[in-house]
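Worksheet: the structure to be examined is printed underneath.
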């Protein structure tokens, strides 16, 4: 018996079986890949991802015969995660959308799809901002602050993230951080040429800081009021009302030169206003001058304050207290 011929026969049979098995495996992997294609056509993106991953796992074991399937799956998976994220966002399922976009970044980087990874990275900060707004509306301020913070961390140039933080700090009475966050939001909006956002920040920052300053004035927290009111004028330099309040606060602290300067600045800003509007500035200026013992100048100021709601108080100072001629 020729054992060498028998050995050759079995080796050939084994090789043929191997080729046959490999061919079957390639066909099976291709069939699974096509199921992924059908999932894409049916907008069933998660099924498509699962099938592409399954096909890729199988094809990666087949050597060169499976390379085309592996490459095809890799080109599909990142963009499908992105599409799922978009769908979740439209359904207002923000938490899930963020997770899907994070997967789009992960697989985009892994499978050499930088365009999809970049698109997903750009949208995630906006989703955290949207999430923060939802928490803010529900008065969940700690959660809102966390979401806005994540947005700012991922996109340090995103002015709206700092805007959101400022609104939260206002609600939790952290005036210093509110001021800082509004300032950062304004800086970024101006740097980006976003004039609408910059104006929105200036207007709201001025309004909220002035309101807080007025509350502190009522509580006779003069120094606290000054912090808020001076910040108001940083955001809105032509806010005449803020200068009136600054004059009030400085008079309360017996800082009379500063009170006079604030009243004069208010008069400068309100130069085109009526005598009724200007009266309050003159009245506070008169109070400061009187406290300094400058009665002649105080009389002049009170005389200019005899308008609108200040008529009675100004005349009392003129006729009873100072006895101005």
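Numbering (our numbering), first residue to last: -15 to 309. Built from N, CA and C at the ideal position, the CB exists for glycine as well. Since we're looking at a predicted model, the values are computed, not measured.
Taking the Cα positions, residue 60 is about 8 Å away from residue 36.
Around the beta carbon of residue 156, fewer than 16 other beta carbons lie within 10 angstroms, which makes this residue exposed. By the CB criterion at 8 Å, residue 143 and residue 102 fall outside the cutoff.
Annotation for residue 54: the continuous alpha helix (DSSP H) segment containing it runs 51 to 74.
Excluding residues up to 5 positions away in sequence, 269 and 272 lie with their Cβ nearer than 6 Å to the Cβ of residue 244 in the same chain. Here residue 286 is near residue 301, since their CB atoms are less than 8 Å apart. Contact check between the segment 187 to 200 and the segment 213 to 233: three or more CB pairs, one atom from each, fall below 8 Å, which counts as touching. 8 Å or more divides the Cβ of residue 116 from the Cβ of residue 104.
Contact check for residue 168 against residue 153 fails: the beta carbons are separated by 8 Å or more.
Taken through DSSP and simplified to helix, strand or coil, residue 135 comes out as helix. No beta strand (DSSP E) of 3 residues or more sits fully in the segment 74 to 160.
Just measuring C-alpha positions, the residue of 217, 255, 299 and 121 sitting nearest residue 194 is 217. Residue 248 has its alpha-carbon roughly 14 Å from the corresponding atom of residue 257. When DSSP states are grouped into helix, strand and coil, residue 306 belongs to the coil group.
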